[in-house]
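Asker:
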Amino acid sequence: MEYDFRKIEAGWQEKWKGSNAYAVQHDFTKPKYYVLDMFPYPSGAGLHVGHPLGYIASDIFSRYKRLKGFNVLHPMGFDSFGLPAEQYALETGQHPATTTQKNIATFKAQLDKIGFCYDWNREIQTSDPAYYKWTQWIFLQLFNSYFDKKENKAKPISELISSFETAGNGTAFSATEWKQYTEANKQAILMNHRLAYCGIGEVNWCEVLGTVLANDEVVNGMSERGGHPVVKKKLRQWYLRITDYADRLLEGLDTVAFSDAMKEMQSNWIGKSSGAEISFQVQDTSDMLTVYTTRPDTIFGVDFMVIAPELDLVNSIKSVEQAAAVDAYVDYVKSRSERERMSEKKISGCFTGAYALNPFNGRAIPIWISEYVLAGYGTGAIMAVPCGDERDFKFAQYFNIPISNIIGSHFTGEAANATKDAILENSGFIDGIPMREAAEVVINKLTEMGIGIRKVNYKMRDAAFSRQRYWGEPFPITWKEGVAYPLDESSLPLVLPHVDSYSPGPDGQGPLANIPEWVARELETNTMPGYAGSSWYFLRYMDPHNSETFCDRKISDYWNQVDLYIGGTEHAVGHLLYSRMWTKVLFDLGLIGFDEPFKKLLNQGMIQGSSRFVYRLKEDSNQFVSAGSKDQYDTVAIHVDVNMVDALELDMEAFKKWKPEFATAVFITEADGKYICGAEVEKMSKSKFNTVNPDELCNKYGADTFRMYEMFLGPVEQSKPWDTKGIEGVHRFLRKLWRLFFDEQKGAVWNQDKPNDAANKILHRTIKKIEDDTERFSFNTAVSSFMISVNELTDINCHSREILEQLLILLTPYAPHIAEELWLQLGNTTSVLDATFPVYQANYLVESSKEYPISINGKLRSSILLPLDMDTASVESLVLQNEVVQKWLEGKPPKKIIYVKGKMVNVVI
RNA sequence: GCCCAGAUGGCGGAAUUGGUAGACGCAGCAGACUCAAAAUCUGCCGUUCGCAAGGAUGUGCAGGUUCGAUUCCUGUUCUGGGCACCA
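In numbering that gives the first Met the number 0, the protein residues as written are 0 to 908.
Right, dumping it as structure tokens:
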């Protein structure tokens, strides 16, 4: 009987489906475990081998926890709103809903082939009205809430209104004044408090295309489609007040098991700093220039000011002489994306002709504009201290601005020194004070003078929450006379209407602005961004069909936090921060019982593509030269489909058949007649012809082989290029495992023999290793220890059912199909999915002696077998008697002997 | 530019707490079985000197700490991810 994996896998997938083997019950008496993957965006390209890496890891862990007796929730769904579907609709006229459904069907078929244990009854799709009804509902909760800074939590906005009605807001208006305000006025004030609010933001605007572009669609300041100029345009936008949660998002990091790198990325993104906001009088005007600085102690070292070119202040302070230069520079900056501005190495800027006055000595400080100062951070203006800040120093040098020194010998004039350890010089009233103490003194003085305050600042900005797009959740908002009103909850979902054209609406509005009925109802024409649906989807899986509420509180109390969340680091600061914020809001409003969504986060690495190239001669487009001699010609590298290249050797016949233009290709080969391709690691993408389809591998080798091979590639967290070579080895392993049970000629070879000590030792060592490795997500080493144990059981000719049965349970999470089949063949009547994970027994692994490595001066020279319980003196004397040691000692006594019990011996001479 | 991560044989990787570098697998080489092939099995397999025994050298690069460093520290190079409208 042979290992017919195709029959076995198809058969079991069918049976498991039929028996609802993966249906999850709300058995509140069982301990729960929630394993979640970041759900995919169902792109038209289908699944490639990079997607399943994390899914396989989570599937293994889910199945492992199930064997360990947990009630495991392991759902899957689709993040099905998004730009590519809309783009595709623009190009082909097909409705995004249609193409999205088609793509989802493909994804599901592909996922099912790999044998995942999803409970598809719980599938969610963010573009399904039954789902986004609740996305809209949560948006309304955000809209109807404000952040109470005293209590550091969200509350219903009605509470804020009643406090305005009874006590005003304390400073700006009284209760009486509030009551006299017009409705529009009241709403405008409330808008400043809502967690979801409207404001003005800048977008990438392309006049020619008449549309707003994503950063992705802008290349070098031009639109990707058509290459038209892109400028920034101010538009009304929705925002989420995530900055109010900055501190809690920071503190929450201490309560979750994310990698240190992940925590650091998030905390850098939030970018909390403390310092002061200082207002400088602009010379000969009544204007004040307010800067944010973390170093108020350096105020006497300020040699110039830099303000963001887009600030309105620029226009009011620029001098007549500088006006033309300033306007030209502002125009230049308008054409630059924020990314370009931040990564520009070339120094640029323009003097405004205006001066600010140092409040302590009245010194006139020139005010410049430069693209490296961004309007969105701090006050959009900085005080530049070239002796203490590298960028300021370079700027001063470049523009020949004289540099003052306030830190004495700490500043050489060659480079800035950001030290905080200097004693201040040339610093007026803080002369002679250590910098660390001076900050405090300066802030107090500024506060006294009424021109400065202590200020905590965050780099993080409020999250832009609207898109001028069609394929997203409509906002449940109507506009009446410029005031936004929420729709009644009972009218949800506000269904995305059908459109005939996906072209943008007038004045940068989205396609919804083209629908007369929509506009007539004064509905918001923006839609929500891609991350709206993904900010709370982990909750909906718990209670996916509830039509009364987004998720029943009793149910969310049971399933609680996601115990293990698996996904890529590319979501480090986007999705993860947004979903953490939403969770905190829902918690504050009492809708759920926990305020961090993900207890443990595992980041899977990205599987990159390994591209292959042929080199076409520039002078003759029909000739292709092998990589070995390409330098002798003038060539163009062309991507070729990796599936027709064996390692680096091109299948020349397949290449000729690949595209008609290559049918008569002529090859300049290596001396042995082979055509060798060039190789490069790049992102896996259809356009680079480096994608490998999991379906084909499942067909050829089976899902179990594919699963184990993906794990065997290396640590899940690590990024690596895909290479199909090597999958044979894993397949061979499964066949070898099969042969422990069945012989092709003889049939069953497994027996009821009592296992010997050697077999038990192999089994129990494997139990321990698989359990340890699985717990620490070291799936690659787990696969390797399966290989080792099968090799060893084969070597000792062990076919004992008692051993093999336990091994199958261990293998179930990794290779469920073959495990279930062999389990059945051994005569079991229940599914191996519900078996109990074996318990490791230490007594089989007790050793009494160890082969110790013997080093001389740290270099391995020999080894000696020693009893583990031997005392140090005896060990040392035995080691010294060893002839290799004696040879190295040359009769002299050793300087030192280091004996680490159970590890090694090192003789120092 | 800024933030984060990574680098070990021909290749993917192992070494879990500073203690035998290269487990396991791929590729390769030699052999067994076979009419032949496939499948399977056995042996070899970092580099280098040596007939061998054995030695030297070796974890991106340059230093340092230590009896001992792939592991810790400093600097540096390259590669990957993110940088707020791709998801």
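Glycine included, each C-beta is placed from N, C-alpha and C at the ideal position.
Treat the numbers as computed from the prediction; the structure is a model and nothing was measured.
Please give me, in chain order, every unbroken run of the beta strand (DSSP E) with length at least 3 that falls completely inside the segment 372 to 420.
Answerer: Here the runs fully enclosed are 380 to 383.
Asker: Residues in the same chain with beta-carbon distance under 7 Å from R390, minus the five sequence neighbours each way, listed in chain order, please.
Answerer: Excluding residues within five positions, the ones whose Cβ falls inside 7 Å are Y371.
Asker: Can you check which of these residues, T411, R435, G449, M527, is closest to A462 by C-alpha distance?
Answerer: Measuring from the Cα of A462, the nearest candidate turns out to be M527.
Asker: Between P385, A519, L486, K232, which has its C-alpha nearest I298's C-alpha?
Answerer: Comparing Cα-Cα distances from I298 to each of P385, A519, L486, K232, the minimum goes to P385.
Asker: Between the alpha carbons of Q915 and Y674, how many angstroms are there, rounded?
Answerer: Residue numbering for the chain in the displayed model covers 0 to 908; residue 915 lies beyond these limits and cannot be assessed.
Asker: When you compare only the Cα positions, how much space is there between G627 and L249?
Answerer: Cα to Cα, G627 sits roughly 54 Å from L249.
Asker: How about R362: is its Cβ closer than 7 Å to a heavy atom in the ligand ZN?
Answerer: Ligands are entirely absent from the displayed structure, and the ligand ZN is therefore not among its contents.
Asker: Please list the segments of the alpha helix (DSSP H) lying wholly inside the segment 724 to 797, counting only runs of 4 or more residues, in order along the chain.
Answerer: Qualifying alpha helix (DSSP H) stretches, in chain order: 726 to 740, 756 to 774, 778 to 794.
Asker: Under 8 Å between the Cβ atoms of L189 and L239?
Answerer: No, they are not a contact pair.
Asker: From the DSSP output, read off the bridge partner residues of W237.
Answerer: Paired residues: C197.
Asker: Judging by CA-CA distance, which residue of E413, A414, G431 is the nearest neighbour of D420?
Answerer: Residue G431 is the option with its Cα nearest to D420.
Asker: Could you tell me whether the Cβ atoms of Q607 and I565 are closer together than 8 Å?
Answerer: No, the pair does not count as a contact, with Cβ atoms beyond the cut-off.
Asker: Could you check where the alpha helix (DSSP H) with Q265 kicks off and where it finishes?
Answerer: Note, Q265: alpha helix (DSSP H), 259 to 269.
Asker: Beta carbon of V290, beta carbon of W367: below 8 Å?
Answerer: Cβ distance not < 8 Å, so V290 and W367 don't count as in contact.
Asker: Excluding the 5 residues flanking N525 on each side, which residues of the same chain have their C-beta closer than 7 Å to its C-beta?
Answerer: Correct list, in chain order: W237, S465, R466, Q467, F474, G509.
Asker: Taking one C-beta from the segment 220 to 229 and one from the segment 251 to 260 each time, how about it: are there three or more such pairs within less than 8 Å?
Answerer: With a cut-off of 8 Å, the segment 251 to 260 and the segment 220 to 229 do not count as touching, because too few Cβ pairs lie within range.
Asker: Examine the Cβ distances between the segment 836 to 843 and the segment 803 to 815 and report whether three or more of them are shorter than 8 Å.
Answerer: Contact between the segment 836 to 843 and the segment 803 to 815 is present, because at least three Cβ pairs lie under 8 Å.
Asker: If contact is defined by three or more beta carbon pairs under 8 Å, each pair taking one atom from either stretch, is the segment 19 to 26 in contact with the segment 707 to 717?
Answerer: They do not touch, by the three-pair rule.
Asker: Determine the DSSP secondary structure at F350, reduced to helix, strand or coil.
Answerer: It is a strand residue.
Asker: For G973, collect the residues of the same chain with a Cβ closer than 6 Å to its Cβ; drop the 5 residues on either side in sequence, then sort them by chain order.
Answerer: Absent from the structure is residue 973, since the part of the chain shown begins at 0 and ends at 908.
Asker: If you compare alpha carbons, which of L538, G220, K152, T98 is closest to E122?
Answerer: Nearest option by C-alpha distance: L538.
Asker: Nearest-angstrom Cα distance between D587 and Q140?
Answerer: Each residue's alpha carbon lies about 11 Å from the other.
Asker: Between the segment 442 to 462 and the segment 306 to 320, are three or more C-beta pairs nearer than 8 Å?
Answerer: With the cut-off at 8 Å, the segment 442 to 462 and the segment 306 to 320 do not touch.
Asker: Could you tell me which uninterrupted beta strand (DSSP E) segments, each at least 3 residues in length, are contained entirely in the segment 110 to 151, listed from first to last along the chain?
Answerer: Counting only runs of 3 or more, we get 144 to 147.
Asker: Using the Cα positions of F350 and P365, report the straight-line distance between them to the nearest angstrom.
Answerer: Going by the C-alpha atoms only, they are around 7 Å apart.
Asker: Which residues in the same chain have their Cβ closer than 8 Å to the Cβ of L733, if we skip the five residues on either side of it in sequence?
Answerer: Here the set comprises Y2, F4, G701, D703, T704, M707, A814, I817.
Asker: Indicate whether K333 and K231 have their beta-carbon atoms separated by less than 8 Å.
Answerer: A contact, by the Cβ cut-off of 8 Å.
Asker: Would you tell me roughly how many angstroms separate the C-alpha atoms of A841 and H763, rounded to the nearest one?
Answerer: Between A841 and H763, the C-alpha separation is close to 8 Å.
Asker: Enumerated in chain order, which unbroken segments of the alpha helix (DSSP H) with a length of 4 residues or greater are wholly contained in the segment 637 to 667?
Answerer: Taking only runs of at least 4 residues, the alpha helix (DSSP H) segments lying wholly in the segment 637 to 667 are 651 to 657.
Asker: Beta strand (DSSP E) containing M903: first to last residue?
Answerer: Note, M903: beta strand (DSSP E), 903 to 907.
Asker: Hey, would you say F623 sits closer than 8 Å to A571, going by beta carbons?
Answerer: Not closer than 8 Å, so no.
Asker: Using the C-alpha atoms, what's the distance from F138 back to G375?
Answerer: Computed Cα separation, rounded: 25 Å.
Asker: According to DSSP, is M294 helix, strand or coil?
Answerer: The displayed chain sequence assigns Arg, not Met, to residue 294. In the structure shown, R294 sits in coil (DSSP, three-state: anything other than H, G, I, E or B).
Asker: Thinking C-beta only, is S318 closer than 8 Å to G352?
Answerer: Their beta carbons are under 8 Å apart, which means G352 touches S318 by this criterion.
Asker: Would I59 and F778 qualify as a contact pair, given that the criterion is a beta-carbon distance under 8 Å?
Answerer: Result yes, Cβ atoms of I59 and F778 sit closer than 8 Å.
Asker: Just reading off the alpha helix (DSSP H) that D330 is part of, what are its end residues?
Answerer: Note, D330: alpha helix (DSSP H), 322 to 333.
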